[in-house]
Structures are given as C-alpha cells and as structure tokens.
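I have placed the structure first, in the form of structure tokens, so that the comments after it can refer back to it.
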Amino acid sequence: MVKYLFHLQVKGLNDEYIYVLDLNSKQENSPEQIFNNQMRENMRNQLQNQSLCAIKDNHLNQIIQTWVQDIREGYRDSTLTLSLPLLIESNLEKLHEQGNQETPTIISPNLSEIEPILGALPPLNFS
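Numbering (this note's numbering), first residue to last: 743 to 869.
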C-alpha cells in the first residue's frame, strides 16, 4: 500500500493540516471511487478538528477534486490553500437562543428615607 498525503493550508494561518490515505494499486487507478460519503465526512471531520475551520461542501469538493487529479497524475503529496471561516463562527448561524424572556420584578423605593444632604431638593414642577 502506498501513502498519499493531502496538505491543507488556510489563508492567514501558517499551519498545515494533513490527511493521509493508504491506497492499493486498484484504488490508485480509480481514486474517485474511494471518496464515498463516509470517507468524505471522515476527511471533513479530521481536517476541521485539526484546523478549527469550517469545511463546507464546496470546499470539500474542491479538496477532493484536487486530490483525485493529483493521485491520477502520480503525485503522492497534494497541497491546497483555501480561505476558510473559523468553525466557531460558522456555528453561530445555528444558534437559536431566545434569551431570558421573564419581566423583572419592580422594586418600589422607600421615599421616607430620602433626605437632602446639601442644599435643597430641586422643584418638582417640570413646566
């Protein structure tokens, strides 16, 4: 079995995230067949966990197309640089927090304890 490595680089970050596949000669000849739904999700999850960036379907398709083409041409290392949003930012879209909807209880002040300290109280007519 031969190891194929995919290196994902995220614009703005200096780190590189790697996904590895061990392929036999049959898989090397038709690499598009190994990327079934389970393999795609495994790849997405592993790269997202490493990079902490959201990999959407269009990004995943771009990654797989690049990798399949490189495998067909005989390259064992493939690299792609993408502009990816942070995973935490993409999860904010799914947030449906309603907040605290209870009205607070109103506390009436005790006016009998209010006294002027300096000078006089202002006039209470606002005309």
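Even glycine gets a Cβ: it sits at the ideal position worked out from N, Cα and C.
Legend entry - Where M743 falls, given that 16 or more other Cβ within 10 Å makes a residue buried: exposed
Inset, instruction - With a floor of 4 residues, list each alpha helix (DSSP H) that falls wholly inside the segment 747-825, ordered by position along the chain. - result: 767-771, 779-793 and 799-814
Inset, instruction - Return yes when the Cβ of D812 is within less than 8 Å of the Cβ of H749, no when it is not. - result: no
Inset, instruction - Buried or exposed for Y746, please, with buried defined as at least 16 other CB atoms from any protein chain shown within 10 angstroms of its CB. - result: buried
Inset, instruction - Keeping to the same chain, check which residues put their C-beta closer than 6 Å to that of M785; ignore five residues upstream and five downstream. - result: Y761
Legend entry - Host alpha helix (DSSP H) of L829 (start-end): L829 to N833
Legend entry - Contact test: N803 Cβ vs the ligand ADP heavy atom, cutoff 7 Å: This structure simply doesn't include the ligand ADP, nor any ligand for that matter.
Legend entry - Given S793 as reference, the closest of K768, D799, K753 and I859 once Cα atoms are compared: K753
Inset, instruction - Look at the Cβ atom of P773, then the Cβ atom of A796, and state whether they are nearer than 8 Å. - result: no
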